[in-house]
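K.L.:
The following block contains the structure, expressed as structure tokens.
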Amino acid sequence: MNTIDPTLTKPGPALATPTQTLGAVLALDLGTTTGWALRSHEGLITSGTVSFRPRRFDGGGMRYLRFVNWLTELDQLAGPIATIWFEEVRRHAGADAAHVYGGLMATLTAWAELRGVPYQGVPVGTIKKHATGKGNASKAMMIEAAQARGYRPTDDNEADAIAILHWALETKGGMA
Numbered sequence: 034m035n036t037i038d039p040t041l042t043k044p045g046p047a048l049a050t051p052t053q054t055l056g057a058v059l060a061l062d063l064g065t066t067t068g069w070a071l072r073s074h075e076g077l078i079t080s081g082t083v084s085f086r087p088r089r090f091d092g093g094g095m096r097y098l099r100f101v102n103w104l105t106e107l108d109q110l111a112g113p114i115a116t117i118w119f120e121e122v123r124r125h126a127g128a129d130a131a132h133v134y135g136g137l138m139a140t141l142t143a144w145a146e147l148r149g150v151p152y153q154g155v156p157v158g159t160i161k162k163h164a165t166g167k168g169n170a171s172k173a174m175m176i177e178a179a180q181a182r183g184y185r186p187t188d189d190n191e192a193d194a195i196a197i198l199h200w201a202l203e204t205k206g207g208m209a
């Protein structure tokens, strides 16, 4: 396994467009219930949700350790993960949601940097406009957009991840 020496000062990996990658493309809607969508290197798309809700006797950092373990397992089973796209949220309804998002984003970016995996945030309005034609689409509209593509998302988190993945693939990461 290759490791990166954290004492080296070099810029992070350049972001590759999804069509340039040989590995899997991962899209995430970060939160306590994280939505995910993954296109394998064979082109198979899978999606779902995973909960990082704290358990009864968990310390404050356990949700983030479980997130790291989940990413690593996904990388080993479906990867290697070549590119990560995530919903870039600039405003949250509450402080707790903002803290969880910030912690998950910090964990994700550190995980990706250590492995040389390029990552990029996509603004919420960009995702919604691409999926539904409206930059302020509701959760129900996002679910309907995923269903129109043939998916059966369990909730809006999974629908958002599906939309992020399709945005990344269809726009070549905003380059098209």
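Converting from the sequence shown to the working numbering requires adding 33 to each position, the first position being numbered 1.
Where a beta carbon is used, it is the ideal one built from N, C-alpha and C, also for glycine.
No experiment lies behind these values; they were computed from the predicted model shown.
Three or more C-beta pairs closer than 8 Å, one from the stretch 55–66 and one from the stretch 196–203: is that the case here?
P.N.:
Taking 8 Å as the limit for Cβ pairs, the verdict is that the stretch 196–203 does touch the stretch 55–66.
K.L.:
Only counting the same chain, and skipping five residues up and downstream in sequence, which positions put a Cβ closer than 7 Å to that of threonine 54?
P.N.:
At threonine 54, the pLDDT of 46 sits below 50, so the modelled position is not reliable and the matter cannot be decided from this model.
K.L.:
Considering only the alpha carbon of each residue, which of Thr65, Tyr184, Asp129 and Ser171 lies closest to arginine 88?
P.N.:
It is Thr65 whose Cα lies nearest to the Cα of arginine 88.
K.L.:
For the stretch 123–141 and the stretch 100–112, state whether three or more C-beta atom pairs, one from each stretch, are separated by less than 8 Å.
P.N.:
Verdict: yes, contact present.
K.L.:
What would DSSP say about alanine 111, mapped onto helix, strand or coil?
P.N.:
Here alanine 111 sits in helix by DSSP.
K.L.:
What does DSSP give as the partner residues of arginine 185 in its beta bridges?
P.N.:
None, per the DSSP bridge assignment.
K.L.:
Among all the DSSP beta bridges, which residues are the ones paired with leucine 141?
P.N.:
Leucine 141 is not bridged to any residue.
K.L.:
What's the gap between the Cα of glycine 154 and the Cα of threonine 82?
P.N.:
Taking the straight line joining both Cα atoms gives about 19 Å.
K.L.:
Evaluate serine 80 with the Cβ neighbour count: other Cβ atoms within 10 Å of its Cβ, from every protein chain shown; 16 or more gives buried, anything less gives exposed.
P.N.:
Classification of serine 80: buried, given that the 10 Å Cβ count is 16 or more.
K.L.:
The alpha helix (DSSP H) spanning threonine 65 covers which residue range?
P.N.:
Here threonine 65 belongs to no alpha helix (DSSP H), and DSSP marks it neither H nor E.
K.L.:
Excluding five sequence neighbours on each side, which residues of the same chain lie with their C-beta closer than 6 Å to the C-beta of leucine 104?
P.N.:
Closer than 6 Å at the Cβ level, and outside the excluded window around leucine 104, lie Trp144.
K.L.:
Exposed or buried, asparagine 169, counting other C-beta atoms within 10 Å across all chains shown (16 or more means buried)?
P.N.:
Under this definition asparagine 169 is an exposed residue.
K.L.:
Here's the rule: buried if 16 or more other CB atoms are within 10 angstroms of the residue's CB, otherwise exposed. What is proline 51?
P.N.:
Because the pLDDT at proline 51 is just 44, under 50, the model does not fix this residue reliably, and the value given afterwards should be weighed accordingly. Buried.
K.L.:
Using CA coordinates, which residue listed in Leu107, His74, Lys205 and Val122 is at the minimum distance from glycine 158?
P.N.:
With distances taken between Cα atoms, glycine 158 lies closest to Val122.
K.L.:
With which residues is serine 80 paired in a DSSP beta bridge?
P.N.:
Partner(s): Ala70.
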